[in-house]
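Take the sequence shown: its letters are residues 203 to 740, numbered as in this note's numbering.
Report on one structure; see the data block that follows.
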Amino acid sequence: MFNLTRHYSIASLVCIIIAAAILGMVYRKLSVESLTRIAEDRNAALTHVFGNALGHRLTPLLKMGAGGRAPDPAGAEVAALRREVVSLMRDTSAVKVKIYTLQGLTVFSTEERQIGEDKRTNPGIHAAAQGELASELTHRNQFSAFDGVIESRDVISSYVPFVPPGGTRIEGVVEVYSDITPFLAEVKQTQWRIVATVAGVLSILYGLLFGIVRRADRIIRDQGAELKRSLARIEEDNQLLDQRVSERTRELQEVNRALEGEIAEREGAEEKLRLSAKVFDNTVEGVIITDAETTILAVNRAFTQVTGYREEEILGLTPQILKSGRHDATFYAEMWQSLKQSGKWIGEIWNKRKSGEIYPERLTIGVVRDPAGDVRHYVGVFSDISDIKRSQERLDFLAHHDLLTSLPNRLLFNDRLNQGIARARRNGRQLAVLFVDLDHFKNVNDTLGHDLGDELLKKVAGYLGAHVRKSDTLARIGGDEFILLLDDVEVPRYAGAVAEKILGLLSQTMTVSGYEIYVSASIGVSFFPADGEDVTTL
Numbered sequence: 203m204f205n206l207t208r209h210y211s212i213a214s215l216v217c218i219i220i221a222a223a224i225l226g227m228v229y230r231k232l233s234v235e236s237l238t239r240i241a242e243d244r245n246a247a248l249t250h251v252f253g254n255a256l257g258h259r260l261t262p263l264l265k266m267g268a269g270g271r272a273p274d275p276a277g278a279e280v281a282a283l284r285r286e287v288v289s290l291m292r293d294t295s296a297v298k299v300k301i302y303t304l305q306g307l308t309v310f311s312t313e314e315r316q317i318g319e320d321k322r323t324n325p326g327i328h329a330a331a332q333g334e335l336a337s338e339l340t341h342r343n344q345f346s347a348f349d350g351v352i353e354s355r356d357v358i359s360s361y362v363p364f365v366p367p368g369g370t371r372i373e374g375v376v377e378v379y380s381d382i383t384p385f386l387a388e389v390k391q392t393q394w395r396i397v398a399t400v401a402g403v404l405s406i407l408y409g410l411l412f413g414i415v416r417r418a419d420r421i422i423r424d425q426g427a428e429l430k431r432s433l434a435r436i437e438e439d440n441q442l443l444d445q446r447v448s449e450r451t452r453e454l455q456e457v458n459r460a461l462e463g464e465i466a467e468r469e470g471a472e473e474k475l476r477l478s479a480k481v482f483d484n485t486v487e488g489v490i491i492t493d494a495e496t497t498i499l500a501v502n503r504a505f506t507q508v509t510g511y512r513e514e515e516i517l518g519l520t521p522q523i524l525k526s527g528r529h530d531a532t533f534y535a536e537m538w539q540s541l542k543q544s545g546k547w548i549g550e551i552w553n554k555r556k557s558g559e560i561y562p563e564r565l566t567i568g569v570v571r572d573p574a575g576d577v578r579h580y581v582g583v584f585s586d587i588s589d590i591k592r593s594q595e596r597l598d599f600l601a602h603h604d605l606l607t608s609l610p611n612r613l614l615f616n617d618r619l620n621q622g623i624a625r626a627r628r629n630g631r632q633l634a635v636l637f638v639d640l641d642h643f644k645n646v647n648d649t650l651g652h653d654l655g656d657e658l659l660k661k662v663a664g665y666l667g668a669h670v671r672k673s674d675t676l677a678r679i680g681g682d683e684f685i686l687l688l689d690d691v692e693v694p695r696y697a698g699a700v701a702e703k704i705l706g707l708l709s710q711t712m713t714v715s716g717y718e719i720y721v722s723a724s725i726g727v728s729f730f731p732a733d734g735e736d737v738t739t740l
């Protein structure tokens, strides 16, 4: 007789192992792909910041390398650049930086012995030279980083085109190595937790269904035995009883089919119910479920962690309790229009926690309909993106400001100058641009060192910033050069007065790190529209 219990046990065990393994592998593959994309975007952003902050040091090295000559690894320029690179990248995931010419010559590396190496056959350099990003994930048993040799690390190396600040052409390639070992370790731990969770859930379900199947097997065996005994008795009776035996046999077969169908249906329902409950309560995203009138029916633990509302506090209320007041009626009208037309809405929204704190979140709302097409529920899934917003604001600040003085850089200054030109042209006014160059600043660096020179630049920036209008823009565009935009200048002599005031300020002796330093400056002035009507001319 067919042993239902034994076959079920073997088949179920194999399915549990295969399902857990497949889910673990799929999760790891998706996580690694997502991590690679994030690391590549982050390396590109770091390279942009790196170029804005250190472009004045990189350009001479690339020009030297373009002529076929590598810089001296022990030279002062390389040492100074390495210090600034290490300082700039210290609080990031970057562990190593290399810079190549478009011909593949290594003109800088935080590992000095690699300067001068010929990498012309490197496909990543060729791709970056064409304006494309190229990345590679590798495992290194040993790796030379900023702070020394590190062992057994997973590293993503990204080749990023380098365009100098204010330039339009690619002049070199920056290779940034990022250490993602902790992230891969977390992915591996999560992978094993998923495998263990799935295996545990399926094992519990396996145990329950094993009992049901075993009972069904006993029922079938008992019915088979009873059927045999009945047939034996019927065979001893006359021909009239044959018809009754046949009818009884058909009834038993129908009962067996109905029982097997009921078992299969119950197994599927129980499996879906358990899995759904587990996923709902353990997902890292916040989940909120309402009825058709938007009354809250259920929330998960992540919802409580993000909003501060416990489940018993929120049930029976509506999501309006989370409204921040930052969005107008048009925003919510468009949201409801999208839900009615497509059955979903995806976007960013500002909500309010129980504490009153306003925070941003990424929200997806889906509509659940019954077979008749009527709305039964709304399901919202959201993630707190406060950290992402702060990171974006920090990167935006670094991309538009000088790293040393925190003044606007050339990119932000040009943007404000364009805006000022547009306003002046529209209102029939004029504006002035003052170019301030510190005299003999190189002597300060040569005699007292770059660190003291940097402190002097910060002090000069503070002096100038304290004596200009809030409507004006003071920027540092590189080295010892500052530039000042005077908006809405009524008469040219006002710009001359400002220039004389700056010369007077800078002619005073400055005390920096215990040294008395005398600084003078040269100032050039141009006016819109008299001297030019665009950024380049002015």
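Glycine included, every Cβ here is placed at the ideal spot set by N, Cα and C.
Treat the numbers as computed from the prediction; the structure is a model and nothing was measured.
Exercise for the section: Starting from the Cα of Gln507, find the closest Cα among Gly518, Val489, Glu735 and give me that residue. Expected result: Val489
Exercise for the section: Look at the alpha carbon of Leu708 and the alpha carbon of Thr738, and state the distance between them as a whole number of angstroms. Expected result: 27 angstroms
Handout entry: Residues of its chain near Ser311, where Cβ-Cβ distance is below 6 angstroms and the 5 sequence neighbours each way are ignored
Key = Lys300, Ile317
Handout entry: Contact check, Pro366 vs Glu373, beta carbons under 7 angstroms
Key = yes
Practice task
Could you check if Ser360 is buried or exposed, using at least 16 other CB atoms within 10 Å of its CB as the buried criterion?
Solution key: buried
Practice task
Answer yes or no: do Gly527 and Arg555 have a C-beta to C-beta separation smaller than 7 angstroms?
Solution key: no
Exercise for the section: Tell me whether Arg417 sits in a helix, a strand or coil according to DSSP, three-state version. Expected result: helix
Problem - Integer-rounded CB distance, given that Phe637 should sit under 8 angstroms from Ile685 - result: 5 angstroms
Practice task
Look up Tyr511 in the DSSP assignment and say whether it is helix, strand or coil.
Solution key: coil
Handout entry: Three-state secondary structure (DSSP) of Asp576
Key = coil
Handout entry: For Thr497, the nearest candidate out of Glu514, Ser585, Arg503, Thr520 (CA to CA)
Key = Thr520
Problem - Assigned exposure category for Trp547 - 16 Cβ within 10 Å defines buried - result: buried
Practice task
Quick one: residues in its chain with C-beta nearer than 8 angstroms to the C-beta of Ser673, no 5 flanking neighbours on either side, listed in chain order?
Solution key: Asp689, Asp690
Handout entry: Opposing strand residues paired with Trp552 [DSSP bridges]
Key = Pro562
Practice task
Identify, in the order they occur along the chain, each residue of the same chain with its Cβ nearer than 6 angstroms to the Cβ of Arg259, setting aside the five sequence neighbours on each side.
Solution key: Leu283
Problem - Rounded C-alpha distance that separates Arg468 from His529 - result: 47 angstroms
Problem - Residues near Ile523 in its chain [Cβ-Cβ closer than 8 angstroms; skip 5 each side] - result: Tyr511, Ile516
Handout entry: Complete runs of the alpha helix (DSSP H) confined to the segment 631-704 [at least 4 residues]
Key = 643-650, 652-667
Exercise for the section: Measure the alpha-carbon distance for Val577 versus Trp552 and round it to whole angstroms. Expected result: 26 angstroms
Exercise for the section: Could you tell me whether the segment 626-642 touches the segment 719-733, using the rule of 3 or more Cβ pairs below 8 angstroms? Expected result: yes
Exercise for the section: Report yes or no: do the segment 615-629 and the segment 674-684 share at least 3 C-beta pairs separated by less than 8 angstroms? Expected result: yes
Handout entry: Contact under 7 angstroms by Cβ, Thr238 with Leu339
Key = yes
Practice task
Could you have a look at Ala434 and say whether DSSP puts it in helix, strand or coil?
Solution key: helix
Handout entry: Residue environment, Asp356, which counts as buried when at least 16 other CB atoms sit within 10 Å
Key = buried
Handout entry: Asp598 to Leu619 span [Cα, whole Å]
Key = 19 angstroms
Handout entry: Whole-number beta carbon distance between Gly582 and Leu565, since they are thought to touch under 8 angstroms
Key = 6 angstroms
Problem - Alpha carbon of Ile414 to alpha carbon of Ser405, nearest angstrom - result: 14 angstroms
Exercise for the section: Out of Ser588, Lys542, Tyr534, state which residue places its alpha-carbon closest to the alpha-carbon of Ile560. Expected result: Ser588
Problem - For Gly622, the first and last residue of its enclosing alpha helix (DSSP H) - result: 612-629
Practice task
Please name the residue, chosen from Thr649, Lys644, Ser722, Asn611, that lies closest to Val662 on a Cα-to-Cα basis.
Solution key: Ser722
Practice task
Kindly list the residues whose CB is nearer than 8 angstroms to the CB of Met266, restricted to its own chain and excluding five residues on each side of it in sequence; keep chain order.
Solution key: Ala272, Pro273, Val309
Practice task
Give a yes or no on whether the C-beta atoms belonging to Ser741 and Leu654 are separated by under 7 angstroms.
Solution key: Nothing about residue 741 can be read from this structure; the chain reaches only from 203 to 740.
Practice task
Report buried or exposed for Glu563, applying the criterion of at least 16 other Cβ atoms within 10 angstroms of its Cβ.
Solution key: buried
Exercise for the section: Assign Gly622 to one of two classes, buried (16 or more other C-beta atoms within 10 Å of its C-beta) or exposed (fewer than that). Expected result: buried
Practice task
Look at the Cβ atom of Ser593, then the Cβ atom of Glu487, and state whether they are nearer than 7 angstroms.
Solution key: no
Exercise for the section: Report buried or exposed for Lys298, applying the criterion of at least 16 other Cβ atoms within 10 angstroms of its Cβ. Expected result: buried
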